[in-house]
Amino acid sequence: MRLTRYFLPVLKENPSEAQIVSHRLMLRAGMIKQAAAGIYSWLPLGFKVLRRIEDIVHEEQARAGHLAMQMPTIQSADLWRESGRYDAYGEEMLRIKDRGGRDMLFTPTAEELVTDIFRAHVGSYRDLPLTMYQIQWKFRDEIRPRFGVMRGREFLMKDGYNFDLTKEDALHAYNRHLVSYLRTYERMGLQAIPMRADSGPIGGDDTHEFLVLAETGESEVFYDSAVTDLTFGDRDIDYDDKAQCAAIMEEFTRLYARTDETHDAALFDQIPQERRRTARGIEVGQIFYFGTKYSDAMGATVQGPDGKSVPVHMGSHGIGVSRLLGAIIEASHDDKGIIWPEGVTPFHAGIVNLKQGDAEADAACEALYADLVAAGLEPLYDDRDERAGGKFATMDLIGLPWRLTVGPRGLKNGVVELTSRRTGESEELPPAAAVARLSDIYKGIV
Ligand code: ATP
Ligand code: MG
Numbered sequence: 010m011r012l013t014r015y016f017l018p019v020l021k022e023n024p025s026e027a028q029i030v031s032h033r034l035m036l037r038a039g040m041i042k043q044a045a046a047g048i049y050s051w052l053p054l055g056f057k058v059l060r061r062i063e064d065i066v067h068e069e070q071a072r073a074g075h076l077a078m079q080m081p082t083i084q085s086a087d088l089w090r091e092s093g094r095y096d097a098y099g100e101e102m103l104r105i106k107d108r109g110g111r112d113m114l115f116t117p118t119a120e121e122l123v124t125d126i127f128r129a130h131v132g133s134y135r136d137l138p139l140t141m142y143q144i145q146w147k148f149r150d151e152i153r154p155r156f157g158v159m160r161g162r163e164f165l166m167k168d169g170y171n172f173d174l175t176k177e178d179a180l181h182a183y184n185r186h187l188v189s190y191l192r193t194y195e196r197m198g199l200q201a202i203p204m205r206a207d208s209g210p211i212g213g214d215d216t217h218e219f220l221v222l223a224e225t226g227e228s229e230v231f232y233d234s235a236v237t238d239l240t241f242g243d244r245d246i247d248y249d250d251k252a253q254c255a256a257i258m259e260e261f262t263r264l265y266a267r268t269d270e271t272h273d274a275a276l277f278d279q280i281p282q283e284r285r286r287t288a289r290g291i292e293v294g295q296i297f298y299f300g301t302k303y304s305d306a307m308g309a310t311v312q313g314p315d316g317k318s319v320p321v322h323m324g325s326h327g328i329g330v331s332r333l334l335g336a337i338i339e340a341s342h343d344d345k346g347i348i349w350p351e352g353v354t355p356f357h358a359g360i361v362n363l364k365q366g367d368a369e370a371d372a373a374c375e376a377l378y379a380d381l382v383a384a385g386l387e388p389l390y391d392d393r394d395e396r397a398g399g400k401f402a403t404m405d406l407i408g409l410p411w412r413l414t415v416g417p418r419g420l421k422n423g424v425v426e427l428t429s430r431r432t433g434e435s436e437e438l439p440p441a442a443a444v445a446r447l448s449d450i451y452k453g454i455v
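For the sequence shown, the numbering used here assigns the number 10 to the initial residue and increments by one for each residue that follows.
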């Protein structure tokens, strides 16, 4: 992409409505524009990152054997009356009437609808296990939408639902989700710690939230500092292997890590003092096992191996896809702007032409651009007729992890400059070597 053909409405001033750094930077970098309280338009740069995050979620869900599907945003109230949640959900649910006077709603989550699909089509234990998920816009009429995409009213969520014959199978689905979520967040350059949590209106006993530690987080959390040493890394996972998933679950949930809702001061005090931490966190996901709550209420049963009809065991699992942009920026920025992890960056590298209009510099930039594209990378070429300082400031603000700087002086010596956004360190190398270096950095990511 060439910047002169892009739509990147960066702001020079700090927008006064933004209280936290991620909101400020998303507005300044021209990623989002508020349409109404807690409702945003996603401008090209923000939308690109949103898509990258969605892609990672889809890939990891597929790896775990979960099936992508799509349910509507507008649902009939009838199903929600069946489960008893139409009245229970309260003011967060946006209720709508259609022209026939029928009660409709904008989906805040989709347990009812997916259970209705299940009961219509699945009748035998032989069709289990089954996990379906979607990435779909949700609406919750939050009392206090704030912090940009962190607490929106309309937000993008991955929501998945498992159907299993037995509690044991459903607990495997729970563990499998925990494992796949650990991988998912790590690919986004995030450490998200599973913490024992409270189940809220979804219901059920078993639930973990995934929290990214950040001062601006809305949740108060308590943990053993040793949990932050755990990394998922590049493990070979067989998602059908119950023992392997259970072992990873145990490894990542053994140490004390809880949100304030489930905090137990007496247990916490048993952690050696120097490892006790109280901090704040951003909830980027949650997994639930709720047994037969919805299948009982809605008659979702299957015939078991013995011919008897039994309600299916279910769980649901969510990732805050749009909130993740805010969480990643909270975790990765400096005073100049965003620092995207390679896994989610909107463009893989920026090209800054120090002397736009200079025949040699222009030609070198064009060649570099073509070579990066040929290597499967997506560069953003700042081809504006602007002074270098302005170009650097824009690149730093939008946070591309790598910048290639091209100017007549370097070209005389046959080199361009490759700069890491994270460390600020630069290295001069021939254009071909720079392309090879970037290909190497993005190997396994792109
Ligand atoms: P919260 O406690 O933050 O209100 P929740 O527990 O009600 O969230 P879930 O039902 O668990 O939310 O939804 C799954 C994920 O969707 C959450 O982990 C969170 O990352 C994201 N999410 C929930 N509410 C919002 C919101 N208002 N804006 C953006 N993302 C949200
Ligand atoms: Mg939650």
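Beta carbons: idealized from backbone N, C-alpha and C, even for Gly. Bear in mind the structure is a predicted one, so any value in this text is a computation, not a measurement.
Where residue 267 is concerned, the enclosing beta strand (DSSP E) starts and stops at 266-268. Rounded to whole angstroms, residue 180 and residue 233 show a C-alpha spacing of 25 Å. Sequence-distant Cβ neighbours of residue 228 in its own chain, meaning closer than 8 Å and more than five residues away, are 218, 220, 268, 269, 289, 290, 291, 292. When C-alpha distances from residue 312 are compared across 333, 21, 130, the shortest belongs to 130. In the three-state reduction of the DSSP assignment, residue 66 falls in the helix class. The Cβ-Cβ distance between residue 346 and residue 44 does not fall below 8 Å. At a cut-off of 7 Å, the beta-carbon of residue 227 does not count as near the ligand MG: no heavy atom of the ligand is closer than that. The beta carbon of residue 66 lies closer than 7 Å to those of 144, 167, 193, 328, 330 in the same chain, with the five residues before and after it left out. Restricted to the stretch 378-431, the beta strand (DSSP E) segments that are unbroken, complete and at least 3 residues in length are 388-391, 411-415, 425-429, listed in chain order.
Boundaries of the beta strand (DSSP E) harbouring residue 229: 228-233, taken from the DSSP string. According to DSSP, residue 361 shares a beta bridge with 391, 414. Annotation for residue 19: 37, 38, 39, 403, 406, 407 place their beta carbon closer than 8 Å to its own, counting only its chain and skipping 5 residues before and after. Runs of the alpha helix (DSSP H) spanning 4 or more residues and lying entirely within the stretch 283-359 occur at 302-307, 330-340, in chain order. Take residue 363, set aside five residues on each side of it, and the residues of its chain with a beta-carbon closer than 6 Å to its own are 397, 416, in chain order. Residue 41 and residue 134 have their C-alpha atoms spaced approximately 46 Å apart.
Distance from the CA atom of residue 299 to the CA atom of residue 325, rounded to whole angstroms, is 8 Å.
The secondary-structure analysis by DSSP pairs residue 145 across a beta bridge with 166. With fewer than 16 other Cβ atoms inside 10 Å of its own Cβ, residue 96 counts as exposed. In this structure, residue 384 and residue 319 do not form a Cβ contact; the two beta carbons are roughly 54 Å apart against a cut-off of 8 Å. Between the stretch 268-286 and the stretch 168-176, the count of Cβ pairs shorter than 8 Å is below three; the stretches do not touch. In the DSSP assignment, residue 140 is bridged to 171. Here the alpha carbons of residue 368 and residue 27 stand approximately 43 Å from one another.
Residue 222 has its alpha-carbon roughly 32 Å from the corresponding atom of residue 123. If only complete runs of 3 or more residues are kept, the stretch 100-129 shows the beta strand (DSSP E) at 103-106, 112-115, in order along the chain. With distances taken between CA atoms, residue 157 lies nearest to 47 out of 72, 47, 216. In the pairwise beta carbon analysis, the stretch 278-286 is classified as touching the stretch 231-248: at least three pairs are separated by under 8 Å. Residue 84 sits in a strand when the DSSP states are folded into three classes.
Judged by DSSP secondary structure, residue 41 falls within the beta strand (DSSP E) whose first and last residues are 41-45.
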